[in-house]
Amino acid sequence: MKRILLPVILLMSATNILAQVGKTDDVKKSLSTTNKDTVCWEHGGIFTLGINEGFLHNWAAGGEVASLSINSVLHGNITYYHHSSVWTNNLDLAYGLNYAQSTGFLPKKTDDRIDFTSNFGSRLNNSKNFYFAGLFNFKSQFTKGYDYSDTAWMRNPKSTFMSPAYLTLAAGMEYKRNEALSLFLSPIAGREVLSDKKYTSFSKTGAFGIDSGKTSKFQLGAYFSGRYKKDLSKRTQFSTRLDLYCNYLAKDIKDDSGKVIKKDNPGNIQVYWDNLLVFKAYKSLSFTFGLTVVYDNNFPYTKTTTNSAGATVNKDQPGNDLGWVQINQVFSVGIAYKF
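Quick note: this note's numbering has the sequence shown finishing at residue 375, numbered continuously throughout.
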């Protein structure tokens with residue numbers, strides 16, 4: 037239970053830390069429209085927690101006897117302005133669990149993300165919005181991940197904290213409108229993918245882009261990261277983020293005989309698109325809609341799985357026709373705290 041609660045506690049702790057960094061209304065108003073030449077700290081973000089519960093007894097229509105779902109999301113940022121230089125730090129965390137009586141209330145993950153970006157930029161001479169910038173990004177997850185369509189899923193975790201982990205270091209140009217908009221483009225971005233080798237040894241093609249039995253893979257390519265957020269009204273906030281990565285070193289993987297067992301090339305651009313819409317209905321009561329779309333050639337998808345008898349059967353789940361595209365969609369009712 038401690039391991040289950042830890043990610044939610046970390047999310048709430050991060051919210052409290054961010055809330056301790058203050059800014060005046062005058063500075064906030066100025067920074068929201070122009071890159072003011074100033075020295076100050078600025079912060080912002082939103083934390084949401086949604087809980088859904090259900091209970092049935094002798095229900096004629098049938099259904100899950102008892103269930104509980106918990107989803108939490110944190111989008112926070114802290115920025116330091118020092119005349120012509122800007123240092124921005126963004127922390128995006130998400131964690132969700134589902135409990136059902138039919139599975140003995142074993143927790144099953146519905147979301148699990150750790151994403152930290154630190155970006156330092158120096159404004160170009162005679163330019164208000166363009167910067168020479170360097171960026172560092174870290175991605176991983178809190179706990180073990182499973183394929184629940186696998187009948188033996190409890191014995192076969194597919195991932196865990198730092199497996200995989202993505203470390204990206206890039207240099208390039210950034211167009212920045214302070215809190216509202218950031219567009220970063222780098223023609224030279226190094227990325228290191230890390231994993232315990234037990235997760236890369238399941239197949240001849242490896243996992244997460246790492247060769248079979250190895251623990252890391254270096255990539256070199258072009259990187260784009262764009263962020264935009266806007267208060268659509270006093271009660272509604274929208275934020276979106278798009279990351280694109282092109283690996284110059286991508287190539288086909290062949291077995292010992294020279295047969296291609298996995299096709300890859302620099303044209304297989306990795307896509308990460310994250311969206312969050314929060315509507316505060318009354319005080320802290322909120323409706324949250326989140327949608328994350330990912331495409332990565334290193335995460336293939338098959339429409340079949342193996343049942344308890346060892347036979348290959350079609351997966352009985354929605355979204356089969358989406359193929360290799362990864363979708364994470366959440367709608368919840370709960371509390372929202374804006375800071």
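C-beta: ideal position from N, C-alpha, C; glycine also.
As the structure is a prediction and not an experimental result, all values here were calculated from the model.
task = Would you decide whether LYS212 is buried or exposed? Buried here means 16 or more other CB atoms lie within 10 Å of its CB.
result = Stepping through the sequence shown from its first residue, residue 212 is reached at position 176. Buried is the call here.
ask   = Do you know how far the Cα of GLY242 is from the Cα of LEU268?
value = In the sequence shown, residue 268 corresponds to position 232, counting from 1. In the sequence shown, residue 242 corresponds to position 206, counting from 1. Taking the straight line from one Cα to the other gives about 44 Å.
task = Find the nearest neighbour of PHE178 within the set SER108, SER275, ALA286, ASN94, judged by alpha-carbon distance.
result = In the sequence shown, the residue the question calls residue 178 occupies position 142. Selection SER108, SER275, ALA286, ASN94 evaluated against PHE178 yields SER108 as nearest (Cα-Cα).
request  = Give the straight-line distance between the Cα atoms of ASP247 and LEU85, rounded to the nearest whole angstrom.
outcome  = Working through the sequence shown from its first residue, we reach residue 247 at position 211. Working through the sequence shown from its first residue, we reach residue 85 at position 49. So the two alpha carbons sit approximately 38 Å from each other.
query = Where does ASN192 land, buried or exposed, given buried means 16+ other C-beta within 10 angstroms?
reply = Position 156 of the sequence shown, counted from the first residue, corresponds to residue 192. Around the Cβ of ASN192, a 10 Å sphere holds fewer than 16 other Cβ atoms; the residue is exposed.
inquiry  = Rounded to whole angstroms, what is the Cα-Cα separation between THR338 and SER322?
reply    = For the purposes of this step, residue 338 is taken as the residue at position 302 of the sequence shown. For the purposes of this step, residue 322 is taken as the residue at position 286 of the sequence shown. Counting only the Cα atoms, SER322 lies some 37 Å from THR338.
ask   = The alpha helix (DSSP H) with LYS234 in it runs from where to where?
value = For this step, residue 234 is matched to residue 198 along the sequence shown. DSSP places LYS234 inside the alpha helix (DSSP H), whose first and last residues are 233-236.
task = Kindly indicate which three-state DSSP category THR328 falls into: helix, strand or coil?
result = Within the sequence shown, numbered from 1, the residue matching residue 328 stands at position 292. Note: THR328 maps to strand in three-state DSSP.
query = Within this structure, are the beta carbons of ARG149 and ALA130 separated by less than 8 Å?
reply = Position 113 of the sequence shown, counted from the first residue, corresponds to residue 149. Position 94 of the sequence shown, counted from the first residue, corresponds to residue 130. Going by C-beta atoms, ARG149 is nearer than 8 Å to ALA130.
request  = Give the range of the beta strand (DSSP E) segment to which ARG227 is assigned.
outcome  = In the sequence shown, counting from the first residue as 1, residue 227 sits at position 191. 217-230 is the span of the beta strand (DSSP E), which, as asked, contains ARG227.
ask   = If you follow the beta strand (DSSP E) that ASN162 is part of, which residue opens it and which one closes it?
value = Here residue 162 refers to the residue found at position 126 of the sequence shown. First-last for ASN162: undefined, no H or E at that position.
ask   = Taking Cβ to Cβ, would you say ALA216 is nearer than 8 Å to TYR264?
value = As a working note, residue 216 is residue 180 in the sequence shown. As a working note, residue 264 is residue 228 in the sequence shown. Their beta carbons are under 8 Å apart, which means ALA216 touches TYR264 by this criterion.
key: Residue interval of the beta strand (DSSP E) (run including ILE305)   = Counting from one through the sequence shown, the residue named residue 305 turns up at place 269. Run containing ILE305: none; DSSP gives neither H nor E here.
request  = Indicate the three-state DSSP secondary structure (helix, strand or coil) for LEU142 in the structure shown.
outcome  = The residue you call residue 142 lines up with position 106 of the sequence shown. In the three-state DSSP reduction, LEU142 falls in the coil class, being neither helix nor strand.
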